[in-house]
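J.: Just passing along the structure, written as structure tokens.
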Ligand SMILES: Nc1ncnc2c1ncn2[C@@H]1O[C@H](COP(=O)(O)OP(=O)(O)OP(=O)(O)O)[C@@H](O)[C@H]1O
Ligand SMILES: [Mg+2]
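Protein chains in written order, with the working numbering: chain A, 69 to 306; chain B, 167 to 583.
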């Protein structure tokens with residue numbers, strides 16, 4: 069599903085050049101549930117943004133769904149994001165003046181799905197998230213966990229192949245975090261590839277694979293046993 | 167453009183950000199309102215002034231005899247120039263591009279005019295039939311004097327409506343005989359004559375009749391004529407030609423400005439209309455600047471809006487909004503706001519003009535000014551022009567902010583500060 073070869077990324081701020089990703093090689097198969105860990109500033113979000121076509125890489129090869137991603141027009145990237153990808157963010161990123169249902173339905177608007185139909189679908193997805201009664205509520209009337217579930221419904225509604233979540237539980241308490249993780253696992257079990265950036269060990273351990281980033285490189289990849297044993301395999305890189 | 171979903175998206179954005187929308191629209195509405203109102207009022211003023219002053223055909227001239235102010239060939243200054251029939255005939259033959267010409271004589275003595283027991287003092291002007299081409303008459307009944315009346319010295323008369331009211335308060339006037347200085351004349355027509363002089367009470371009789379039975383001479387009070395398609399320059403040449411011609415005939419200096427008095431309506435009306443064109447131009451400039459200020463306001467607000475909405479636009483892009491759909495969203499919002507608020511300004515402006523017109527507000531506030539203000543209105547051309555200006559400026563005000571919005575990269579927008 070996703071194949072990265074020697075991906076480099078630098079940010080230029082003024083005269084400084086900050087080399088953030090220093091050669092990432094990674095293969096994520098369809099239907100995997102993967103987490104990315106690492107200390108703050110190690111490049112997790114940068115990597116996820118490149119995977120999500122929100123940013124371009126400078127060097128290396130990125131193959132997404134059998135298609136090589138080179139620098140492409142925003143229009144084309146937008147279309148790919150819309151059809152293939154779903155995003156969940158730490159700060160939810162709901163549109164404040166739209167109610168829950170309208171927020172969930174918005175990706176379908178960009179697919180030119182008729183209003184009635186997309187609102188109905190949005191209601192179905194909210195129902196799956198246990199939020200049917202909150203459909204007419206504005207984001208500021210929802211709790212953090214509810215907002216994140218709305219965001220997940222929004223990421224799901226286009227039936228993407230991949231869901232990218234940047235610290236989806238970062239703003240939630242531990243109980244709600246577990247609920248959100250359970251949702252993401254459920255989504256994964258329906259066959260969708262899920263990639264989660266997280267700080268929290270217990271969250272990472274709920275995934276199949278943990279990719280540890282350090283200073284722009286993959287330090288190690290830990291395969292969690294599917295039967296959830298604590299046994300880990302360290303794969304040294306280079 | 168006519169995508170219903172797109173409009174719904176725009177309306178929901180607009181309606182959920184009301185203060186912003188109202189602020190944006192207000193300046194544009196004011197601009198259009200000013201433009202429409204001032205233009206309409208200017209038009210009303212022009213109509214009013216024209217109807218008051220343009221009693222003579224705008225392509226006409228009038229010649230009156232004066233007194234010389236220069237001695238000439240032994241004759242001292244102060245000689246009275248008396249025009250006669252021969253002048254009329256001569257000018258009628260020699261003026262270039264002449265359309266119609268009419269002379270007017272006068273009848274001596276008090277003019278008591280009566281019909282049965284009704285009588286009054288009216289102004290009797292003996293003229294040629296062509297006089298109706300020179301004055302703006304409105305025939306209400308019957309006809310004006312005609313060629314046959316002149317040629318056959320018929321004792322006929324055309325009377326103004328106010329005269330008719332006095333002499334024939336309860337009956338029709340046509341074919342009745344009225345008495346002018348003991349001579350009976352048959353009424354052939356009743357007319358209305360726009361005038362700023364409320365006391366105008368005119369009666370016209372054939373000039374030939376007057377000269378024969380009242381004057382015993384061929385003196386003329388004035389000669390009036392109209393010219394065909396003539397420019398102001400040409401009309402001045404005609405003025406000069408007449409002066410030279412008459413100077414030769416009556417023996418006065420060509421340079422004497424007071425021997426003849428020539429009223430050139432061609433020049434007057436041109437000055438008149440260029441005055442109003444200047445006023446209209448001025449109004450346009452004010453209006454366009456006001457709109458421009460409004461549009462700059464819209465531009466600024468849209469700029470701020472785009473900044474405020476950076477995050478929202480980033481979210482939209484992350485979930486699949488293409489740059490063109492973002493441009494469309496901002497652009498159409500700007501166009502919609504300018505167009506809608508401009509329309510409000512347009513309606514308010516037109517409405518105010520209508521109210522002024524309908525309830526005669528000017529008359530109620532200051533009656534003497536009322537006749538100088540007639541039918542204030544904006545024509546279709548101005549309304550269409552204003553609409554086009556609106557759409558274009560709206561698009562302009564939206565374009566740069568929209569382009570800015572489209573260039574926002576989703577990661578920039580989504581980063582938490
Ligand atoms: N747009 C940018 N311009 C310049 N520098 C950037 C930009 N985005 C990120 N960086 C820098 O790149 C480095 C990696 O950032 P990134 O957001 O990927 O870290 P992260 O691993 O997600 O950290 P955190 O856990 O704190 O979210 C940081 O030093 C950051 O300051
Ligand atoms: Mg991060």
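We treat Cβ as the ideally placed atom computed from N, Cα and C, and that holds for glycine.
Given 8 Å as the limit, is there contact between the region 286-300 of chain B and the region 262-275 of chain B, that is, 3 or more CB pairs closer than that?
T.: yes
J.: Could you work out which residues of chain A lie near residue 499 (chain B), taking near to mean beta carbons separated by less than 8 Å?
T.: Within the second chain, the letter at position 333 stands for residue 499 (chain B). Chain A residues near residue 499 (chain B): none, gap ~13 Å exceeds 8 Å.
J.: Using 8 Å as the threshold, is the C-beta distance between residue 513 (chain B) and residue 522 (chain B) below it?
T.: Taking the second chain and counting its residues from 1, one reaches residue 513 (chain B) at position 347. Taking the second chain and counting its residues from 1, one reaches residue 522 (chain B) at position 356. No, Cβ-Cβ distance for residue 513 (chain B) and residue 522 (chain B) is not below 8 Å.
J.: Compare the C-beta of residue 483 (chain B) against all C-beta atoms of chain A and say whether one is closer than 8 Å.
T.: Taking the first residue of the second chain as position 1, residue 483 (chain B) is located at position 317. The beta carbon of residue 483 (chain B) sits closer than 8 Å to some beta carbon of chain A.
J.: Quick check: is any heavy atom of ligand 2 less than 7 Å from the C-beta of residue 113 (chain A)?
T.: Here the question's residue 113 (chain A) lines up with position 45 in the first chain. Flag set: Cβ of residue 113 (chain A) near ligand 2.
J.: Kindly confirm or deny that the region 409-425 of chain B and the region 447-460 of chain B touch, where touching means at least three C-beta pairs closer than 8 Å.
T.: no
J.: Could you check whether the Cβ of residue 147 (chain A) sits closer than 8 Å to any Cβ belonging to chain B?
T.: Residue numbering aside, residue 147 (chain A) sits at position 79 when the first chain is read from its first letter. So, interface residue.
J.: Identify which residue in B:381, B:382, B:346 has its Cα closest to the Cα of residue 370 (chain B).
T.: For the purposes of this step, residue 370 (chain B) is identified with residue 204 of the second chain, where counting begins at 1. Nearest C-alpha to residue 370 (chain B): B:346.
J.: Since residue 406 (chain B) and residue 357 (chain B) should fall inside the 8 Å C-beta cutoff, what is the C-beta to C-beta distance between them, to a whole number of angstroms?
T.: Here residue 406 (chain B) refers to the residue found at position 240 of the second chain. Here residue 357 (chain B) refers to the residue found at position 191 of the second chain. At roughly 34 Å, the Cβ-Cβ gap does not stay under 8 Å, so residue 406 (chain B) and residue 357 (chain B) are not in contact.
J.: What's the C-alpha gap between residue 198 (chain A) and residue 214 (chain A)?
T.: As a working note, residue 198 (chain A) is residue 130 in the first chain. As a working note, residue 214 (chain A) is residue 146 in the first chain. Answer to the nearest angstrom: the Cα atoms are 9 Å apart.
J.: Quick one: what's got a C-beta closer than 6 Å to residue 297 (chain A)'s C-beta in the same chain, skipping five residues either side?
T.: Translated into positions along the first chain, residue 297 (chain A) becomes position 229. For residue 297 (chain A), the predicted structure reports a pLDDT of 40, less than 50, and the residue's modelled location is therefore unreliable. A value from the coordinates is still provided. Nothing listed; no residue qualifies.
J.: Starting from residue 465 (chain B), follow the alpha helix (DSSP H) in both directions and report where the run begins and ends.
T.: Stepping through the second chain from its first residue, residue 465 (chain B) is reached at position 299. Here the alpha helix (DSSP H) through residue 465 (chain B) covers 431-474.
J.: Any heavy atom of ligand 2 closer than 7 Å to the Cβ of residue 234 (chain A)?
T.: The count along the first chain starts at 1 and reaches residue 234 (chain A) at position 166. Yes, since a heavy atom of ligand 2 falls inside the 7 Å radius drawn around the Cβ of residue 234 (chain A).
J.: For residue 74 (chain A) and residue 474 (chain B), what's the separation of their Cα atoms in angstroms?
T.: One-based indexing of the first chain puts residue 74 (chain A) at position 6. One-based indexing of the second chain puts residue 474 (chain B) at position 308. Going by the C-alpha atoms only, they are around 38 Å apart.
J.: What are the residues that DSSP puts in a beta bridge with residue 427 (chain B)?
T.: Numbered from its first residue, the second chain carries residue 427 (chain B) at position 261. The partner list for residue 427 (chain B) (beta bridge, DSSP) reads B:230.
J.: Tell me, please, whether the CB atom of residue 236 (chain A) is closer than 8 Å to any CB atom in chain B?
T.: In the first chain, residue 236 (chain A) corresponds to position 168, counting from 1. No, residue 236 (chain A) lies away from the interface with chain B (no Cβ there is under 8 Å from its Cβ).
J.: Chain B partners of residue 123 (chain A), CB-CB under 7 Å?
T.: Taking the first residue of the first chain as position 1, residue 123 (chain A) is located at position 55. Chain B residues near residue 123 (chain A): 577.
J.: Leaving out the 5 sequence neighbours to the left and right, which residues in its chain are closer than 8 Å to residue 184 (chain A) when beta-carbon positions are compared?
T.: Along the first chain, one-based indexing puts residue 184 (chain A) at 116. Cβ neighbours of residue 184 (chain A) beyond the five flanking positions: none.
J.: Could you round the C-beta distance between residue 161 (chain A) and residue 219 (chain A) to whole angstroms and report it? I think they count as a contact, below 8 Å.
T.: Working through the first chain from its first residue, we reach residue 161 (chain A) at position 93. Working through the first chain from its first residue, we reach residue 219 (chain A) at position 151. Residue 161 (chain A) to residue 219 (chain A), Cβ: 7 Å. Contact.
J.: For the region 490-522 of chain B, list every residue whose C-beta sits within 8 Å of some C-beta in chain A, in sequence order.
T.: Taking 8 Å as the Cβ-Cβ cut-off, the region 490-522 of chain B approaches chain A at 490, 491, given in chain order.
J.: With a threshold of 8 Å on Cβ separation, who are the neighbours of residue 128 (chain A) within its own chain once the five nearest residues in sequence on each side are excluded?
T.: Translated into the one-based positions of the first chain, residue 128 (chain A) becomes position 60. So the qualifying residues of the chain are 72, 73, 74, 75, 76, 91, 92.
J.: May I ask you to check if the CB of residue 476 (chain B) is nearer than 7 Å to at least one heavy atom of ligand 1?
T.: The count along the second chain starts at 1 and reaches residue 476 (chain B) at position 310. Residue 476 (chain B): no, Cβ never under 7 Å from ligand 1.
J.: For ligand 2, is there a heavy atom less than 7 Å away from the beta-carbon of residue 194 (chain B)?
T.: Here residue 194 (chain B) is taken as the residue at index 28 of the second chain, counted from 1. Residue 194 (chain B): no, Cβ never under 7 Å from ligand 2.
J.: I think residue 201 (chain B) touches residue 554 (chain B), with their Cβ atoms under 8 Å apart; what is that distance to the nearest whole Å?
T.: Reading the second chain from its first residue, position 35 is the one you call residue 201 (chain B). Reading the second chain from its first residue, position 388 is the one you call residue 554 (chain B). Incorrect: roughly 13 Å between the Cβ atoms, too far for contact.
J.: For my contact list, residue 102 (chain A) and residue 286 (chain A) are in at a C-beta cut-off of 8 Å; report their separation, rounded to the angstrom.
T.: By 1-based counting over the first chain, the position of residue 102 (chain A) is 34. By 1-based counting over the first chain, the position of residue 286 (chain A) is 218. The Cβ separation is near 12 Å, so there is no contact.
J.: In chain order, what residues of the same chain have a beta carbon less than 6 Å from the beta carbon of residue 206 (chain A), not counting five sequence neighbours either side?
T.: As a first step, residue 206 (chain A) must be located in the first chain, where it is residue number 138. Within the same chain, residue 206 (chain A) has close Cβ partners 167.
J.: For a test of your reading of the model: does the CB of residue 102 (chain A) fall under 7 Å from any non-hydrogen atom of ligand 1? Yes or no.
T.: Here residue 102 (chain A) corresponds to residue number 34 of the first chain, with the count starting at 1. No.
J.: Is residue 461 (chain B) near ligand 2, judged by its Cβ being under 7 Å from some heavy atom?
T.: If you number the second chain from 1, residue 461 (chain B) lands on position 295. Checking every heavy atom of ligand 2 against the Cβ of residue 461 (chain B), none is found closer than 7 Å.
J.: For residue 202 (chain A) versus residue 191 (chain A), is the C-beta distance shorter than 8 Å?
T.: Translated into the one-based positions of the first chain, residue 202 (chain A) becomes position 134. Translated into the one-based positions of the first chain, residue 191 (chain A) becomes position 123. No. Outside cutoff.
J.: Using a Cβ-based criterion (distance less than 7 Å to any ligand heavy atom), does residue 558 (chain B) qualify as near ligand 2?
T.: Along the second chain, read from residue 1 onward, the residue named residue 558 (chain B) stands at position 392. It does not: the Cβ of residue 558 (chain B) is nowhere closer than 7 Å to a heavy atom of ligand 2.
J.: Which same chain residues, not among the five before or five after residue 193 (chain B), have their C-beta less than 6 Å away from its C-beta?
T.: Along the second chain, read from residue 1 onward, the residue named residue 193 (chain B) stands at position 27. Within the same chain, residue 193 (chain B) has close Cβ partners 460, 463.
J.: Any heavy atom of ligand 2 closer than 7 Å to the Cβ of residue 156 (chain A)?
T.: Numbered from its first residue, the first chain carries residue 156 (chain A) at position 88. The answer is no for residue 156 (chain A).
J.: Residues of chain B with CB under 8 Å from residue 222 (chain A), in chain order?
T.: As a first step, residue 222 (chain A) is located in the first chain; it is residue number 154 there, counting from the start. Those within 8 Å of residue 222 (chain A) in chain B are 485.
J.: Go ahead and pull the three-state DSSP assignment for residue 407 (chain B).
T.: Here residue 407 (chain B) is taken as the residue at index 241 of the second chain, counted from 1. The answer is helix: DSSP assigns residue 407 (chain B) an H, G or I state.
J.: From the DSSP output, read off the bridge partner residues of residue 157 (chain A).
T.: Position 89 of the first chain, counted from the start, is the residue given in the question as residue 157 (chain A). According to DSSP, which records beta bridges pairwise, residue 157 (chain A) is partnered with A:234.
J.: Would residue 431 (chain B) and residue 215 (chain B) be called neighbours here (beta carbons separated by less than 8 Å)?
T.: Mapped onto the second chain, residue 431 (chain B) falls at position 265. Mapped onto the second chain, residue 215 (chain B) falls at position 49. No, these two residues do not count as a Cβ contact at 8 Å.
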